[in-house]
Structure formats: structure tokens, C-alpha cells
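Number 63 in the UniProt record's numbering belongs to position 63 of the sequence shown; there are no gaps in the numbering. Virtual Cβ for every residue (Gly too), placed ideally from N, Cα, C. Fair warning: this is a prediction, and the values are worked out from it, not measured in the lab. Shown next, in C-alpha cells, is the structure this report addresses.
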Amino acid sequence: MVRWKETLSDGLVIAWEEGGAREGPPLLLLHNACSTFRATWGRVAEPLAARFYLIGPDLRGHGESTNPAGRLDLREMADDMARLLDRLGIPAVHLVAFSGGASTALYLVTRHPARVRSMVLIGSHYTVRNLRTRGDGFWDPERIRREQPAWWAAMVRWHGSEERVRALLRGWQEEDRWRPDFRPEDLQAIRVPTLLLIGENDSITPIEQTMEMARWIPQARLVVFPGAGHDLIRERPEAFLETVQAFWDTLGIPRGSARPHR
């Protein structure tokens, strides 16, 4: 993987990584809230790069990407990805996204439908209804430091300072009040093949929302992983890879079609 930075507008710099081959089909990977591309996708990037040209950004305000707006807005984060694709000269991508990244992906496919060829959404919901991250101080930094010190230390390492981590937590807490805010008819308008993945014991995403999405998105397929929690990529990497590779097989994307990037 090779790391780059792209200035997309005044003050907005998006850091991203690429791997695989330029001539392979492009695959955009969106990480979850308060993470980075490398932290979320590093363990599965190599097998994916055998099939695709990988594009792995840090969402605005995360990792080495800046956030001049000082807030997080899923619509704006989706528009960032469209601008990044413009800058790279890539008209459309296959898309894999996890949790907060999956919410960003829904705005990308609805605001910029021509940019997405297929989607894999992991731990995905479409509305703030019954969203578990809205309660019990989920985003509270003092709670995290006290109850989840390993997660706190990892976030500080990924984002460079406690100040940046606190800003991200505030941003996601505020965004959880409003978005995602899709209606069934918005999901019914999505016209790309979509694979929805969720763990049976997901403690963050309301699983009933993922099931509703599977009913409303016309070309959606749902796979529930028995006994798994929210982070399928970490908990079940082999099963995750097997499932997504089978999905791409049905789309006619050859395995091993990409040569290593030089």
C-alpha cells in the first residue's frame, strides 16, 4: 500500500492509501467512526488487493485527514469521497464500508448514484431510530478512558492527540442526533447490487434496521453472522472475505485480476 494526501478544497486534506493495480476495478473502503483506513482494513487489504485497485481514505477529521469545518456531517463526508474520485479521475467504484463508514456510503450512493457500482455495507443502519450510540454516554471521553482504556489509547495513537480524539467523539455524538435520516423510499431508489452484513449479536447497530434495509433496497442480499458482534472484519476475517468474494463472483469480477501496484 502507498500513502498519499490530496487537497480537495481550502483547508481540507484527505489522506488515503492505494494498493493493487491501477488497471484493476477500483474498490473504495470506508472505515468506521473514530478509526482510520489502516486500523479498520489493514488485516484484509492484501487479499482484496489481489482482485481490486484499492482506495482507502481516512475520513475527514480522522487519521491524517483534516476537518476545517470543525464538525462531522455524513453528507459532507460522502461529498468528500466524490471529490476524491474526481481528483483521481475515477468515474465509479465498488464500495465496502463499515458502521459509520456505511452510513457515509449510503449518502454517497444516494447523492452521487453514478459513482457506485456495487456496495458491501457492514453493521449498517438507515435512521437514528433506536440507535444505541445515542444513549448511555457512548461517545463520552471520560467513560471511554475509564471503561475502555485500550480503545482510548488506540484512538490517541491513530489520531495523534487526545484533543483530536475528543473532537471526533463530539462530532459523532452530535451527528447521531440527526443522521442517517433515510426513508424507505430513499432506499428503494438505490439501484446497485448491495450486500448487507451484520453480526447476530451486534451491540451497536439495530439489527432490525439492517433487515429492513434488505427488504427495501431492490438488489440487496443479507447475511447474518451467527454469534458475531459488530466488528466482523476483526472477529471473522476469513468468513468476511469468503462472503464478499462470493458476492463479487456473482457480479463477474475475476479473482486475482489485479497485479501488484508498482
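- Nearest neighbour of Pro184 by Cα position, chosen from Pro218, Leu232, Val156 and Ser118, turns out to be Pro218.
- Restricted to the stretch 50 to 102, the beta strand (DSSP E) segments that are unbroken, complete and at least 3 residues in length are 53 to 57 and 93 to 98, listed in chain order.
- For Ile122, the uninterrupted beta strand (DSSP E) run begins and ends at Val116 to Ile122, by DSSP.
- Going by beta carbons, Gly256 and Phe225 fall outside the 8 Å limit.
- For Arg145, the enclosing alpha helix (DSSP H) starts and ends at Pro141 to Glu147.
- Distances from the CA of Glu76 to each of Leu106, Ser35, Glu18 and Val96 were compared; the closest alpha carbon is that of Leu106.
- Three or more beta-carbon pairs separated by less than 8 Å link the stretch 56 to 71 to the stretch 23 to 37, which places the two stretches in contact.
- Shortest Cα-Cα distance from Arg51 to any of Thr205, Pro25, Thr40 and Arg43 involves Pro25.
- Residue state for Phe225 is assigned as strand, using DSSP reduced to three classes.
- Three or more beta-carbon pairs separated by less than 8 Å link the stretch 164 to 172 to the stretch 61 to 71, which places the two stretches in contact.
- Relative to the Cα of Ala189, the nearest Cα in the group Gly252, Trp151, His112 and His230 belongs to His112.
- In the structure shown, Thr127 falls within a strand segment according to DSSP collapsed to helix, strand and coil.
- Contact between the stretch 161 to 168 and the stretch 80 to 90 is not established, with fewer than three Cβ pairs separated by less than 8 Å.
- When C-alpha distances from Leu222 are compared across Gly137, Ala154 and Ser124, the shortest belongs to Ser124.
- The alpha-carbon separation between Gly252 and Arg22 amounts to approximately 19 Å.
- Boundaries for Gly42: no alpha helix (DSSP H) harbours it, and the DSSP string shows neither H nor E there.
- About 18 Å separates the beta carbon of Val93 from that of Leu197, a gap too long to meet the 8 Å contact definition.
- For Ala15, the enclosing beta strand (DSSP E) stretches over residues Leu12 to Gly19.
- Runs of the alpha helix (DSSP H) spanning 4 or more residues and lying entirely within the stretch 151 to 175 occur at 162 to 175, in chain order.
- Sixteen is the threshold: since fewer than 16 other Cβ atoms of the shown chains lie within 10 Å of the Cβ of Asn130, the residue is exposed.
- Under the three-state reduction of DSSP output, Pro206 falls in the coil class, being neither helix nor strand.
- Residue burial is scored here from C-beta neighbours: Val2 has fewer than 16 other C-beta atoms within 10 angstroms and is therefore classed as exposed.
- If you draw a straight line from the Cα of Phe138 to the Cα of Thr194, it comes to about 29 Å.
- A residue is called buried when at least 16 other Cβ atoms come within 10 angstroms of its Cβ; Thr7 does not meet this threshold and is exposed.
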